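Going down the list, the protein sequences come from chains A and B.
Going by this note's numbering, the first sequence opens with residue 185, and the numbers climb by one from there.
Going by this note's numbering, the second sequence opens with residue 201, and the numbers climb by one from there.
Ideal placement from N, C-alpha and C gives every residue a C-beta, glycine not left out.
A quick note: this is a predicted structure, and the numbers were derived from the prediction, not measured.
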Amino acid sequence: MTQLALVIDLNVCVGCHACVTSCKEWNTSGTAGFMSDYNPYDKDPTGTFFNRVQTFEIGEFPNTQTVHFPKSCLHCEEPPCVPVCPTGASYKRELDGIVLVDYDKCIGCKYCSWACPYGAREIDENQKVMKKCTLCVDRIYDETLPESERKPACVLACPTSARLFGDVNDPESQVSEQIRDNGGYQLMPEWGTKPANHYLPRRKTNITIHRDELTRVDNPLNKERQLPMPGDEEQTLDDIMSW
Amino acid sequence: MHPAFSVIFLTTLIGVGQGLFLALYTGQLYSVIKVLPVQDSHDFYGYGSLLALLFLGAGLFSSFFHLGHPERAWRSATKWKTSWLSREVIVLPAFMGTTFIYAMIQITGWNPVLFALSDDLIVDLSLFIGLVNTLLAFSLFVCTAMIYACIKFLQEWATPLTVVNYTLLGMASGFALSTAFAAMVNSNLVHFYGSWAIVLTISAFITRSASLIRNTKIKYKSSLSSAIGIRHTKINQKAMGAMGGSFNTREYFHGAKPALFKSIKWIFIVLVFIVPILLLTTALATDVSSLFSIAFIVQYTGLLAERWFFFAQANHPQNLYYQTI
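Structural data, given as structure tokens:
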């Protein structure tokens with residue numbers, strides 16, 4: 185069964201919030217109604233967002249890492265928000281595993297937001313219905329768009345390609361390969377929600393060099409001794425010549 | 201969690217209504233087996249269940265204020281197979297309907313005998329309807345409490361004690377109201393109801409205290425480390441992505457100062473349990489009937505604080521993502 189999802193590479197994310205603004209721009213312009221804002225240019229601005237980038241500092245100075253952490257609906261394979269919905273407005277699509285809200289059925293009781301451990305859902309104060317990331321479902325199947333653009337807005341906007349989009353249940357897909365090869369993980373695995381979105385951890389590339397590898401043991405000059413070895417402090421031909 | 205007054209009123213008001221009906225039916229049942237004197241069915245059971253209906257109606261009315269789209273509320277009866285909220289939405293009107301039928305049987309006096317178990321034990325329609333309604337009353341307690349108890353990561357709520365507390369607190373307040381009602385109509389069941397109200401309040405005190413003690417010892421399964429998937433003991437949030445706050449910062453935090461939060465716990469312990477028990481005991485000893493009404497009013501006020509605390513105490517794991525602006 186297809187399960188579309190995002191894979192977010194924390195090693196690459198620079199925290200520019202381009203995914204946040206592109207998400208808001210695309211989804212506020214859709215046919216499902218705009219994402220309302222309150223006091224956008226005033227004190228205490230607030231509004232509906234599907235995606236946010238948070239920032240965490242790991243460790244203590246001087247050994248710190250800044251981690252930018254984009255968070256949106258994880259499209260769980262066992263979504264706890266779906267069975268609690270009394271109207272069936274919250275549902276998971278069989279076709280591609282996207283968790284969606286039917287805005288025409290939602291009564292705005294907020295129970296699903298209580299049942300989501302990730303805080304991925306929020307009520308739109310204008311439409312009075314629950315909203316959350318749709319994986320740009322109105323975009324990824326739009327055949328009027330060139331195929332390369334049939335991706336969520338956030339994925340297209342990311343300048344560092346930290347966001348990948350694909351079917352995590354297809355072992356050959358790019359996202360599955362990334363999860364396998366780079367230690368992709370899920371958030372709060374303790375609740376058994378099986379989030380479809382995965383995160384790739386911060387990674388350092390290390391190379392181990394031993395001391396004896398610093399000098400060339402199989403240097404042919406060592407063997408043939410045709411030329412005298414220069415002393416440690418002396419110039420060699422390599423220092424003065426550009427080969 | 202942020203306590204919503206619509207839900208606080210809903211759960212406490214219908215609890216009183218359910219408890220009051222259970223009290224009335226207990227009285228009727230005891231009189232059938234000749235443990236208690238028979239009451240005037242028209243005035244006592246009839247108007248008593250209409251009073252219960254009044255509380256249930258007020259609770260239902262207040263629940264609509266919780267909804268973004270109250271006009272679509274009927275849709276919420278559809279997913280009863282999976283959602284406890286949906287089940288509550290079905291059971292509450294069913295309970296109200298049956299309470300109304302029960303009240304009408306008592307008021308009109310149209311109460312045909314269904315069958316007789318023996319010469320003394322005659323089962324009439326009101327007794328049968330009352331039994332059905334008793335089952336509905338208990339189902340409603342379970343449905344209401346399970347809405348909260350079924351969310352496993354709200355660890356303060358995810359315990360059978362939640363169901364026990366909703367049931368016992370609802371019954372205690374309902375029996376307290378039935379005592380006041382019996383005193384008002386000069387029924388001779390005042391002592392029967394008063395004693396039960398005390399017993400139920402003490403039982404609720406024991407189970408609610410058990411849940412308070414349990415909640416102080418919770419080991420939270422989620423941590424900031426599991427929330428963002430980075431294994432480190434020192435993680436500090438530097439930005440939550442929204443400087444002006446969002447739904448996430450409004451819906452899941454109670455916003456009360458720690459001192460107020462703590463004092464509300466003691467306020468409800470005093471108002472729900474200690475004062476009503478003292479008032480009921482005094483009233484039963486001195487037969488001052490106005491004290492029964494005061495006991496109920498004090499206990500109900502305390503229940504509002506109790507329900508506020510119940511919601512505020514629940515610590516949602518999403519709060520891990522919202523620690524610093």
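So for residue i, helix, strand or coil by DSSP?
i	result
A/D422	helix
A/G368	coil
A/F218	coil
B/A427	helix
A/S256	strand
A/Q358	helix
B/I233	coil
A/G415	coil
A/K208	helix
B/A271	Looking at the sequence shown, residue 271 of chain B is not Ala but Glu. Three-state DSSP puts B/E271 in a helix.
A/I291	coil
B/K465	helix
B/T416	helix
A/M314	strand
A/G231	strand
A/E327	coil
Identify the contact partners of residue i in chain B, using a Cβ-Cβ distance below 7 Å as the criterion.
i	result
A/P229	G444
A/G243	H432, K434
A/K312	G268, H269
A/Y295	L285
A/R236	G441, A442
Where does residue i land, buried or exposed, given buried means 16+ other C-beta within 10 angstroms?
i	result
B/R431	exposed
B/Q551	Within the shown structure, residues of chain B are numbered from 201 to 525, placing residue 551 of chain B beyond reach of any answer.
B/L503	buried
B/M201	buried
A/N381	buried
A/D423	exposed
B/D320	exposed
B/A380	buried
A/W210	buried
A/Q358	exposed
B/S490	exposed
Quick check on residue i - is its C-beta less than 8 Å from some C-beta in chain A?
i	result
B/V498	no
B/E506	no
B/Y366	no
B/E356	no
B/M440	yes
B/N415	no
B/A273	yes
B/K234	no
B/S387	no
B/F447	yes
B/T278	yes
B/M201	yes
B/Y245	no
B/Y230	no
Which partner residues of residue i appear in the DSSP bridge assignment?
i	result
A/G350	A/A189
A/S274	A/V285
A/H382	A/V191
A/V251	A/F240
B/D324	B/V313
B/A439	A/T239
Counting only beta-carbon separations shorter than 8 Å, does residue i have a partner in chain B?
i	result
A/G292	yes
A/Q362	no
A/L371	yes
A/T271	yes
A/W298	yes
A/R334	no
A/P246	no
A/K208	no
A/R395	no
A/P126	Lying outside 185 to 427, the shown extent of chain A, residue 126 of chain A is not represented and no answer is given.
A/V251	yes
A/K276	no
List the residues of chain B whose Cβ lies closer than 8 Å to the Cβ of residue i, in chain order.
i	result
A/P301	F353, S422, H516, P517, Q518
A/P385	G429, I430
Along chain A, which residues have their Cβ under 9 Å away from the Cβ of residue i?
i	result
B/M346	Residues of chain A passing the Cβ test: none, with the nearest at roughly 11 Å.
B/V289	P270
B/F300	In chain order: nothing, as chain A lies at least about 24 Å away.
Which chain B residues are close to residue i, counting only those with a beta carbon under 9 Å from its beta carbon?
i	result
A/F240	L424, I428, I430, I435, N436, Q437, K438, A439
A/I307	G268, F447, E451
Do residue i and the ligand GDP come close, with the Cβ less than 7 Å from some heavy atom?
i	result
A/P246	Summarising the ligand content, the structure contains no ligands, and the ligand GDP is consequently not present.
Under 7 Å Cβ-Cβ, which residues of chain A neighbour residue i?
i	result
B/T282	P267
For residue i, go through chain A and note every residue whose CB falls closer than 8 Å to its CB, in chain order.
i	result
B/Y393	The premise fails here: B/Y393 is roughly 35 Å from chain A at the closest Cβ pair, so nothing lies under 8 Å.
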